[in-house]
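There are 2 protein chains.
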Amino acid sequence: MNLVKINKNISVPKYKQIVNSLEHAILKGHLKKGNQLPSLNVIKKKHNVSRDTVLMAFNELKTRGIIHSVVGKGYYISSEDVAISQKILLLFDELNAFKEDLYNAFLDNLDDNIKVDIYFHHFNPKVFHQIISENVGNYTFYVIMPANLKDINDDISLIQKDKVFILDQLHKQLNTYPAVYQNFEKDVFNGLSKIKDKLLNYNNFKLIFSSKKQPKGILNGFINFNKSQNISYQISEELSKEDPEKGTAYLVLEDTHLIQFIKGMKEKNFKLINDVGLISYNESLLKEVIIDGITTISTDFKSMGEQLANMVMNQSQEQIENESRINIRKSV
Amino acid sequence: MNLVKINKNISVPKYKQIVNSLEHAILKGHLKKGNQLPSLNVIKKKHNVSRDTVLMAFNELKTRGIIHSVVGKGYYISSEDVAISQKILLLFDELNAFKEDLYNAFLDNLDDNIKVDIYFHHFNPKVFHQIISENVGNYTFYVIMPANLKDINDDISLIQKDKVFILDQLHKQLNTYPAVYQNFEKDVFNGLSKIKDKLLNYNNFKLIFSSKKQPKGILNGFINFNKSQNISYQISEELSKEDPEKGTAYLVLEDTHLIQFIKGMKEKNFKLINDVGLISYNESLLKEVIIDGITTISTDFKSMGEQLANMVMNQSQEQIENESRINIRKSV
DNA sequence: TCTAATTTGTGCGTATGTATG
DNA sequence: GCATACATACGCACAAATTAG
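Chains as they are written, first to last, in the working numbering: chain S, 1 to 332; chain D, 1001 to 1332.
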């Protein structure tokens, strides 16, 4: 068992590398309370470092109460409570309102000694590549939201495998990584199924879907639901001038389209439920009080953050399907 | 391998020649991420230049994020992207929806070769201190949103003075720094003045103000306005069970209170304008379509981001008062 | 534990050329 | 022509971190 690893070519000081590798060995259970450490001279010889360098490392561990020394005998593990300060790289797609709940829930459920740095790839593969390649080796864990980016497997595989966690969209290529992901197809299908009676009152169901940013699962869930219920449906990138059309229900993904829809409704003097139906994607505070409340199908961002935090801290390798909820209100 | 070339007879400054030749070496693949550079003294001796000249070159590369240094060890390549000309540290208070417009406008108006890293201090002075002290010397510019944090002058003064820009709240202690700031007192006073006729229809005006997070200027502007118009007013930390009260206008700062207010209104069967008045602080997409639109007084976050970008790129040392708008709708 | 060598980081003083008004 | 500011360059001294012997 090689407890200590030293690379003299990197910028991390040698004594710190010794500390780090011993901490790691304790964390992995290779060193237990009461175990004797290799002597100063053994490490010195084996790794070609100065005796003082090893001593510096041991002194740091001693002042932190993790090891103790017995004169004439050696150094022994006195506590397995290493509490090493961990750093997490959190790579989001973009900064938007929905990140707030997720990020705050993640931080709230992490230990205080864990530091989180946020980066954004803005759906740009080059930016993604650069962020990963420049930070590989600098963090304890890497939490990555790939969004709709494909062909990022090469980048991610630069990182030590058991340090990676995937968030939100879990593509097939990333299927081997632990993840807290959203099953969009199921979320939409199940959400819509819960209000299928209401939806059957409309003679058409329209999805406003911009394929650039949104996960394809939403599209599939929408189509599957309509086929299963024999509902006639349409898919469109944007709201057209004719929208909202009487007798039609709408599933609207972006809030800008939501606004546009409601304005159009007011112009035409349409009433929700009576004339048109409206479902919005992803919950936000204010949707509860728009008109008589807008029905939303939404990722539970708070639970996503909580589960992610637990997963990272326990170094669990599961793939957890995160919840989605439908908030049924008087809009459909 | 000769990484550095200096010709003292040409007009290009020596330190720039060092920068150029190192960039060239990275482009040619002679220097890779993690490689150690020759030490200051080695280059000094070999090329017969001053140690300060080499230091100047290394400092430029450091603020661009291309190399980093470790005291007692040396300089190391941290990024092979030599196209990056500047790196900016952007220190926000917290991640929330309002940062979206600001951040995107900032990025859109910056040159492509400028990199921006985001940090959050979460209103915690210790976190603030740590972020500053860990990153001093590593960035070309530092954009800081102090929020309501006081006693951060010592931290900020660790940074070279002409590299600092202050955002949003400009306290007296930070008065000497360039800034894009909000004059909250004026924003509120002027905003309210524009609808004073409407406000005079109510017999009381209430501000829901939580002193922990919100800038005091809002409070002052509110009080000044009411005194100038002889309007009776109240200030409260939370909405009480009696709220909303008939005949009273409300200025509500947080969206959670906004929701609470509207729910209370519906329970009591109150109508906006007829029974109560409502003004919300800071614009967001959906407020336009809540009931018949909610009047908002709002910082113009987009313009804030634009002005900030111009300011940083021109290294302008002004203090710019950013606009605020009142969006008059049918809620008061 | 002590000494020594090497490294970066910082501050101060000085000198020179160049651009600006 | 003169005064001023700024960028460039050099030299020296000392502090703090790293590593060796």
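Every residue, glycine too, gets a C-beta built ideally from N, C-alpha and C.
Can a CB atom of chain D be found closer than 7 Å to the CB of residue i?
i: S/Ser11; result: yes
i: S/Tyr103; result: yes
i: S/Asp255; result: yes
i: S/Ile262; result: yes
i: S/Glu267; result: no
i: S/Leu286; result: yes
i: S/Val289; result: yes
i: S/Glu100; result: yes
i: S/Glu283; result: no
i: S/Ile144; result: no
i: S/Ile208; result: no
i: S/Ile259; result: yes
i: S/Ile114; result: no
i: S/Ile118; result: yes
i: S/Glu134; result: yes
How about residue i and residue j: are their beta carbons less than 7 Å apart?
i: S/Thr248; j: S/Asn204; result: yes
i: S/Phe184; j: S/Phe225; result: no
i: S/Gln182; j: S/Pro146; result: no
i: D/Lys1163; j: D/Phe1141; result: yes
i: S/Ser85; j: S/Asn113; result: yes
i: D/Ile1291; j: D/Leu1272; result: yes
i: S/Glu237; j: S/Ser210; result: yes
i: D/Ile1152; j: D/Val1136; result: no
i: S/Ala57; j: S/Val19; result: yes
i: D/Ser1324; j: D/Asp1101; result: no
i: S/Lys198; j: S/Tyr250; result: no
i: S/Phe222; j: S/Pro244; result: no
i: D/Ala1179; j: D/Gln1319; result: yes
i: S/Tyr177; j: S/Ile195; result: no
i: D/Leu1095; j: D/Pro1125; result: no
i: S/Gly217; j: S/Ile326; result: no
i: S/Val354; j: D/Ile1235; result: Summary: the structure shown does not reach residue 354 of chain S, with chain S confined to residues 1 through 332, and so no result is reported for it.
Does residue i pass the burial test, meaning 16 or more other C-beta atoms within 10 Å, or should it be called exposed?
i: D/Ser1078; result: buried
i: S/Glu80; result: exposed
i: S/Pro215; result: buried
i: S/Lys287; result: buried
i: S/Ser240; result: exposed
i: D/Asp1255; result: buried
i: S/Glu242; result: exposed
i: D/Asp1108; result: exposed
i: D/Asn1322; result: buried
i: S/Lys266; result: exposed
i: S/Gly29; result: exposed
i: D/Val1252; result: buried
i: S/Val70; result: exposed
i: D/Gly1348; result: Here chain D covers residues 1001 to 1332 and nothing more, so residue 1348 of chain D does not appear.
i: D/Ser1284; result: buried
i: S/His68; result: exposed
Can you find a C-beta in chain S that's less than 7 Å from the C-beta of residue i?
i: D/Ala1097; result: yes
i: D/Glu1238; result: no
i: D/Ser1085; result: no
i: D/Tyr1076; result: yes
i: D/Ser1039; result: no
i: D/Ser1303; result: no
i: D/Ser1331; result: no
i: D/Ser1079; result: yes
i: D/Val977; result: Past the boundaries of the shown model lies residue 977 of chain D; chain D is included only from 1001 to 1332, so the question cannot be answered.
Got a sec: does the ligand MG put a non-hydrogen atom nearer than 6 Å to the Cβ of residue i?
i: S/Asn2; result: Inclusion of the ligand MG in the displayed structure is not the case, the ligand content being empty and no account of it being possible.
*Residue ranges of each beta strand (DSSP E) run of no fewer than 3 residues wholly in the region 1170–1207 of chain D, ordered along the chain?*
The region 1170–1207 of chain D contains these whole beta strand (DSSP E) runs: 1179–1181.
*Could I get the ranges of all uninterrupted alpha helix (DSSP H) runs contained in the region 1091–1155 of chain D, with 4 residues as the minimum, in chain order?*
Taken in chain order, the whole alpha helix (DSSP H) runs of length 4 or more contained in the region 1091–1155 of chain D are 1098–1108, 1125–1135.
*Taking 8 Å as the threshold, find out whether the region 1115–1124 of chain D comes into contact with the region 1084–1095 of chain D through three or more Cβ pairs.*
Short answer: they touch.
_At least 3 beta-carbon pairs within less than 8 Å: the region 59–78 of chain S vs the region 28–38 of chain S_ = In short, these stretches touch, since the Cβ pair count reaches three.
_Any beta strand (DSSP E) of 3 or more consecutive residues that is wholly inside the region 1221–1265 of chain D_ = Runs found: 1233–1236, 1248–1252.
*Inspect the CB distances between the region 294–307 of chain S and the region 275–284 of chain S and report whether three or more fall short of 8 Å.*
These segments touch.
*Let me know the beta strand (DSSP E) ranges lying completely inside the region 6–77 of chain S, each 3 residues or longer, listed in chain order.*
Correct list: 67–70, 74–77.
*Between the region 2–16 of chain S and the region 43–57 of chain S, are three or more C-beta pairs nearer than 8 Å?*
Under the 8 Å Cβ criterion, the region 2–16 of chain S counts as touching the region 43–57 of chain S, having at least three qualifying pairs.
_Complete runs of the alpha helix (DSSP H) confined to the region 1267–1318 of chain D [at least 4 residues]_ = Listed in chain order, they are 1301–1313.
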